[in-house]
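**Q** One gets our numbering by counting positions in the sequence shown from 1 and adding 15 to each. This structure is in structure tokens; I'll ask about it shortly.
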Amino acid sequence: MNDITSFEIIGMFSEIAAAVSRNSHWLSRLDAVAGDGDHGEVMAAAFTAMEQQLAALDPSSVTPARVFDMAAETFLTIDSASARLYASAFRRAGSTLPNRHVITEAEFDRAFEAMANGIIAHGQANAPHKNMVDAWQPALSAYLSARNNGGDLGACLTHAADAALAGADPDPLRPDPLPFAHPDRVMDPGCASAVLIIRSIRYALQD
């Protein structure tokens, strides 16, 4: 893939919405271990609302930058810290893109980097328990490393998805006979949704 169209960015968000919706109960179960148990519901509601808006659009009428901006605006309507965090990330991504209906891979690189840095900047880095930063930070590093080594977009996103999963994985060395009862032995819901999002981006945009 060399150029990326608005149609493909819309498809990317649809892929994310489908993955998050399919896994919403799992995400909420993870969140119930040490939180209020609504992460899956919140993320599914935000992405579903976003998808409904995009479904009514003619892709030729919007730019990729505008699609990211619409995502940010939709997420700001959801009363959730995670939704606000992603709203900021999508806004950052959109701000890097030119006002064109087709963008290059290099321009998408900048958008992905801005999106990840938005999560990293406003997330909880170095927190005692894992959170979405622990998925997004290694994902970004792996993406940029793959690009610097000559990888195409599909390779960059594959490396990013693999690194996100590795970063999200609970510490395998910590013994616990009841893994679903201890927050240190359960994947953080924010990490889990980040993995789903990055994997979905890969599925949507790989060749």
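Every residue gets a Cβ at the ideal spot worked out from N, C-alpha and C, and that includes glycine.
1) Please classify P113 as buried or exposed, where buried requires at least 16 neighbouring CB atoms within 10 angstroms.
2) Alpha carbon to alpha carbon, what distance is there between F28 and Y218?
3) What residue does the alpha helix (DSSP H) around V48 start on, and which one ends it?
4) Return the chain-ordered list of same chain residues with a C-beta closer than 7 angstroms to the C-beta of A102, the five sequence neighbours on each side being excluded.
5) Check each candidate in D167, L172, T173, M202 and name the one with the smallest Cα separation from G182.
6) Determine, using beta carbons only, whether M58 and S208 come nearer to each other than 8 angstroms.
7) May I have the straight-line CA-CA distance separating P204 from T173, to the nearest angstrom?
8) Going by C-alpha to C-alpha distance, which of F123, S36, A60, S95 sits closest to T78?
9) Could you check whether G52 and S43 sit closer than 8 angstroms to each other, using their CB atoms as the reference points?
10) Which stretch, first to last residue, makes up the beta strand (DSSP E) that contains D18?
11) Using alpha carbons as the reference points, say which of A131, Q68, L69, V117 lies closest to H153.
12) In this structure, how does DSSP classify I93 when only helix, strand and coil are distinguished?
13) By DSSP, does D177 sit in helix, in strand, or in coil?
14) Within a Cβ cutoff of 7 angstroms, which residues of the same chain sit near V35, ignoring the five residues on either side of it in sequence?
15) In terms of alpha-carbon separation, which member of P185, D73, S110 lies closest to G26?
16) With a CB to CB cut of under 8 angstroms and the five nearest residues on each side skipped, what residues in its chain are close to N17?
17) Counting only runs of 4+ residues fully inside the segment 114-170, write out the alpha helix (DSSP H) ranges in chain order.
18) L220 and E23 look like a contact to me (Cβ under 8 angstroms); what is the Cβ gap, rounded to whole Å?
19) Got a sec, what are the start and stop residues for the alpha helix (DSSP H) Q67 sits in?
20) State the Cα-Cα distance for the pair S21 and A80, rounded to the nearest angstrom.
**A** With the given structure in hand:
1) Sequence index remark: in the sequence shown, residue 113 carries index 98 (1-based). P113 is exposed by the Cβ-count criterion.
2) Looking up residue 218 in the sequence shown gives position 203. Looking up residue 28 in the sequence shown gives position 13. Whole-angstrom Cα-Cα distance: 11 angstroms.
3) Position 33 of the sequence shown, counted from the first residue, corresponds to residue 48. Unbroken alpha helix (DSSP H) run through V48: 39-49.
4) Counting from 1 along the sequence shown, the entry for residue 102 is found at position 87. Around A102: A87, F90, L91.
5) The residue given as residue 182 occupies position 167 in the sequence shown. Ranking the options by Cα distance to G182, first place goes to M202.
6) Taking the sequence shown and counting its residues from 1, the one referred to as residue 58 is at position 43. Taking the sequence shown and counting its residues from 1, the one referred to as residue 208 is at position 193. A contact, by the Cβ cut-off of 8 angstroms.
7) Within the sequence shown, residue 204 is the residue found at index 189, counting from 1. Within the sequence shown, residue 173 is the residue found at index 158, counting from 1. Straight-line Cα distance between these residues: approximately 21 angstroms.
8) Residue numbering aside, residue 78 sits at position 63 when the sequence shown is read from its first letter. Nearest neighbour of T78 by Cα position, chosen from F123, S36, A60, S95, turns out to be F123.
9) Residue 43 sits at position 28 when you count from the first residue of the sequence shown. Residue 52 sits at position 37 when you count from the first residue of the sequence shown. Yes, they are a contact pair.
10) On the sequence shown, position 3 is the one that residue 18 refers to. 18-20 is the span of the beta strand (DSSP E), which, as asked, contains D18.
11) Walking along the sequence shown from the start, residue 153 turns up at place 138. Correcting the residue type first, residue 153 is Pro in the shown sequence and not His. The shortest C-alpha separation from P153 is found at A131.
12) Here residue 93 is taken as the residue at index 78 of the sequence shown, counted from 1. Note: I93 maps to coil in three-state DSSP.
13) What you label residue 177 is simply residue 162 of the sequence shown in a count that begins at 1. The answer is helix: DSSP assigns D177 an H, G or I state.
14) Numbered from 1 along the sequence shown, position 20 holds the residue referred to as residue 35. Contacts found: M58, A59, F62, S208, L211.
15) Your numbering for residue 26 matches position 11 in the sequence shown. Closest by alpha carbon: D73.
16) For this step, residue 17 is matched to residue 2 along the sequence shown. Correct list, in chain order: T119, E120.
17) Counting whole runs of 4 or more residues, the segment 114-170 contains the alpha helix (DSSP H) stretches 120-137, 148-163.
18) Taking the first residue of the sequence shown as position 1, residue 220 is located at position 205. Taking the first residue of the sequence shown as position 1, residue 23 is located at position 8. Confirmed, Cβ separation roughly 6 angstroms.
19) Counting from one through the sequence shown, the residue named residue 67 turns up at place 52. Unbroken alpha helix (DSSP H) run through Q67: 54-70.
20) Here residue 21 refers to the residue found at position 6 when the sequence shown is read from its first residue. Here residue 80 refers to the residue found at position 65 when the sequence shown is read from its first residue. So the alpha carbons of these two residues sit roughly 9 angstroms apart.
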